[in-house]
Each structure stands twice: as structure tokens, then as C-alpha cells.
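Residue numbers (this note's numbering), protein chains in the order written: chain S, 8 to 121; chain U, 225 to 356. Think of the CB as a built atom: it goes at the ideal place given N, C-alpha and C, for glycine as much as any other residue. The structure appears right after this line, and notes come after that.
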């Protein structure tokens with residue numbers, strides 16, 4: 008399993024989108040991968056996004072199962088620190104704790120963090 | 225062991241290209257091999273031949289160029305990351321009708337698939353830079 012860690016907010020740079028591209032790159036070559044949203048990366052998962060000048064990331068995430076990427080993990084502590092509620096996130100996200108995210112990283116074949 | 229190196233950050237605003245170079249030297253010196261060096265996100269600025277740092281400063285572009293020449297390394301810049309940032313070869317300059325090209329010798333543009341392929345052929349993938 009390749010784990011791609013999303014740490015950056017969605018629209019203050021292109022990093023979130025470039026990070027997602029790595030996941031898609033692995034997926035199109037039939038390599039399993041999961042996305043782990045940590046720190047400010049959790050902002051990417053908000054369901055209500057209406058960017059005016061960049062692509063809507065949340066819509067991209069909804070299409071990920073078509074690429075064979077079924078696992079989107081969001082760290083609970085990162086949400087709590089930002090006062091975000093799980094209900095505000097897009098569907099299909101698995102909320103995991105700090106210990107589980109550590110385990111996910113430890114078990115990964117490769118980890119990519121922009 | 226065979227390794228793929230991934231560089232996410234630029235020279236000048238980060239130490240990633242320098243640290244990756246130091247790692248590559250040590251790695252090769254101990255008998256290991258490098259499958260490919262992949263420059264992604266701001267790391268692609270390493271490939272810009274138009275950079276001209278003062279002589280007494282670390283010149284990431286030149287150092288990596290010489291390293292590639294000495295050890296026959298495959299230095300690949302992600303093509304979409306590079307085009308976004310203005311690092312462009314003659315072929316892409318023609319294709320997008322741009323008046324300049326600045327990709328240095330020893331570097332080439334390639335797709336993200338080349339990162340994936342390289343990591344699959346490698347025992348280790350080692351990343352440098354970014355995440356702050």
C-alpha cells in the first residue's frame with residue numbers, strides 16, 4: 008500500500024492537487040494507495056467548497072473510487088484542533104485516531120508527503 | 225540496494241536538492257545504485273539552466289548535472305510540474321509556442337508514471353523536502 012499524506016490546505020497553493028496527482032499516478036498503474044489527511048490537509052475534505060479560481064478538490068475525491076482508490080483517511084485530532092465536525096466532510100471518509108494514522112504510515116510500502 | 229530519490233523542494237528556498245545530493249553521494253559510495261531521481265513540485269526548479277547563483281554558493285543545477293554525468297543517473301522532472309513553473313525544454317517550448325527554453329543538459333521531462341515505475345523497480349524510495 009502506498010500512502011499519500013495530504014497536509015496542505017486546498018487552495019492556498021497547488022500542493023494539494025499535485026499531491027493528489029501522485030495518488031492518481033499510482034492508481035492508474037494498478038498500484039494500491041490510500042490518502043491520509045493530516046493537519047491543514049483536513050480542510051480539503053470539507054463538503055461545501057466552491058472555489059472560484061481553482062478546481063474543486065472535493066469533487067475529485069468523489070471520483071477516486073473509479074480509480075480504485077477507496078481509502079480516504081482523516082485524522083480525528085487534526086479535525087478537533089481546527090474545530091471541524093465530521094459531519095462537514097464529504098462522504099466516504101474514514102475518521103481515524105493518531106495511533107491509527109501512525110500505524111497506517113508504519114505499514115505502508117511507500118509514503119509520499121508533499 | 226536500488227533507490228529512487230524524490231525531490232519536492234526548490235534550491236535557494238530549501239536545502240532539499242543539496243541534501244538529496246549528499247545522500248546520493250553516500251549511497252553510491254557504499255555500492256548501492258540509483259534507479260532514477262525524480263524532481264516534483266518546486267523541486268523541478270533544480271532543472272533550470274537559467275539559474276545563476278553567486279560562485280561561492282551551492283549551485284544545485286550544476287552539481288546535479290555533474291553528478292548525473294559522473295554516475296550516469298536518470299534525472300527526470302515531472303513534466304506537468306515543470307511546465308506550470310516555467311521549466312521547459314525545446315520540444316515543449318515549440319509545442320506551447322513559448323519564446324524560451326531552459327531545461328539543462330542531463331535533465332529530461334517525464335510523466336508521473338516514470339516516478340511510479342522507478343519506485344516499483346527500487347528497494348527504497350527516499351524523499352527530500354517539502355511538508356511545512
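(request) Measure the beta-carbon distance from residue 273 (chain U) to residue 285 (chain U) and round it to whole angstroms, keeping in mind my assumption that it falls under 8 Å. (result) Your numbering for residue 273 (chain U) matches position 49 in the second chain. Your numbering for residue 285 (chain U) matches position 61 in the second chain. The Cβ separation is near 6 Å, so the contact holds.
(message) Let's see if you can read the secondary structure: which residues bound the beta strand (DSSP E) around residue 258 (chain U)?
(response) As a working note, residue 258 (chain U) is residue 34 in the second chain. Following the DSSP letters along the chain, one finds residue 258 (chain U) inside the beta strand (DSSP E) bounded by residues 257-263.
(message) Quick check: what's the CA-CA separation for residue 54 (chain S) versus residue 247 (chain U)?
(response) For the purposes of this step, residue 54 (chain S) is taken as residue 47 along the first chain, with counting starting at 1. For the purposes of this step, residue 247 (chain U) is taken as residue 23 along the second chain, with counting starting at 1. So the alpha carbons of these two residues sit roughly 41 Å apart.
(request) Answer yes or no: does any C-beta atom of chain S fall closer than 8 Å to that of residue 343 (chain U)? (result) Counted from its first residue, the second chain places residue 343 (chain U) at position 119. Judged by the 8 Å Cβ criterion, residue 343 (chain U) is in contact with chain S.
(request) Using a Cβ cut-off of 9 Å, pull out every chain U residue sitting near residue 36 (chain S), in sequence order please. (result) If you number the first chain from 1, residue 36 (chain S) lands on position 29. Those are 337, 340, 341, 344, listed as they occur along chain U.
(request) Kindly indicate the opening and closing residues of the alpha helix (DSSP H) around residue 334 (chain U). (result) Within the second chain, the letter at position 110 stands for residue 334 (chain U). First-last for residue 334 (chain U): 331-334, but that is the beta strand (DSSP E), not the alpha helix (DSSP H).
(message) Distance check for residue 25 (chain S) and residue 332 (chain U), CA to CA, integer angstroms please.
(response) Residue numbering aside, residue 332 (chain U) sits at position 108 when the second chain is read from its first letter. Residue numbering aside, residue 25 (chain S) sits at position 18 when the first chain is read from its first letter. C-alpha separation (whole angstroms): 19 Å.
(request) Only counting runs of 4 or more residues, tell me where the alpha helix (DSSP H) segments fall wholly within the stretch 252-324 of chain U, in order along the chain. (result) Listed in chain order, they are 284-295, 303-309, 314-319.
(message) Can you pull the chain U neighbours of residue 53 (chain S), defined as C-beta to C-beta under 7 Å?
(response) Here residue 53 (chain S) refers to the residue found at position 46 of the first chain. Against chain U, a Cβ distance below 7 Å from residue 53 (chain S) picks out nothing, because the smallest value is about 21 Å.
(request) Find the residues of chain U that neighbour residue 22 (chain S), judging by a C-beta separation of less than 8 Å, and give them in chain order. (result) On the first chain, residue 22 (chain S) is found 15 positions in, with the first residue counted as 1. Neighbours of residue 22 (chain S) on chain U, chain order: 265, 354.
(message) Determine, for residue 242 (chain U), whether the minimum Cβ-Cβ distance to residues of chain S falls below 8 Å.
(response) Here residue 242 (chain U) corresponds to residue number 18 of the second chain, with the count starting at 1. Under the Cβ distance rule, residue 242 (chain U) does not count among the residues neighbouring chain S, no pair being separated by less than 8 Å.
(message) Check whether the stretch 101-121 of chain S and the stretch 56-74 of chain S are in contact - that is, three or more C-beta pairs closer than 8 Å.
(response) Result no; under three Cβ-Cβ pairs closer than 8 Å.
(request) Could you tell me if residue 310 (chain U) is buried or exposed, where buried requires 16 or more neighbouring beta carbons within 10 angstroms of its beta carbon? (result) For the purposes of this step, residue 310 (chain U) is taken as residue 86 along the second chain, with counting starting at 1. Residue 310 (chain U) comes out exposed.
(request) Could you tell me the boundaries of the beta strand (DSSP E) in which residue 350 (chain U) lies? (result) On the second chain, residue 350 (chain U) is found 126 positions in, with the first residue counted as 1. Per DSSP, residue 350 (chain U) belongs to the beta strand (DSSP E) from 348-352.
(message) Relative to the C-alpha of residue 97 (chain S), which candidate in S:59, S:121, S:51, S:17 has its C-alpha closest?
(response) Within the first chain, numbered from 1, the residue matching residue 97 (chain S) stands at position 90. When each option's Cα is compared against that of residue 97 (chain S), the closest is S:51.
(request) Tell whether a beta-carbon distance below 8 Å holds between residue 48 (chain S) and residue 21 (chain S). (result) Your numbering for residue 48 (chain S) matches position 41 in the first chain. Your numbering for residue 21 (chain S) matches position 14 in the first chain. For the pair residue 48 (chain S) and residue 21 (chain S), the CB atoms are not nearer than the 8 Å cut-off.
(message) For residue 101 (chain S), report the span of its beta strand (DSSP E) as first-last.
(response) Position 94 of the first chain, counting from 1, holds the residue named residue 101 (chain S). From DSSP, the beta strand (DSSP E) with residue 101 (chain S) extends over 100-103.
(message) So for residue 343 (chain U), helix, strand or coil by DSSP?
(response) Counting from 1 along the second chain, the entry for residue 343 (chain U) is found at position 119. The answer is helix: DSSP assigns residue 343 (chain U) an H, G or I state.
(message) Under DSSP, the beta strand (DSSP E) around residue 89 (chain S) begins and ends at which residues?
(response) Position 82 of the first chain, counted from the first residue, corresponds to residue 89 (chain S). Boundaries cannot be given for residue 89 (chain S), as no beta strand (DSSP E) includes it and DSSP labels it neither H nor E.
(request) Show which residues of chain S have a CB atom less than 7 Å away from the CB atom of residue 439 (chain U). (result) Nothing can be reported for residue 439 (chain U): it is not among the residues displayed for chain U, which extend from 225 to 356.
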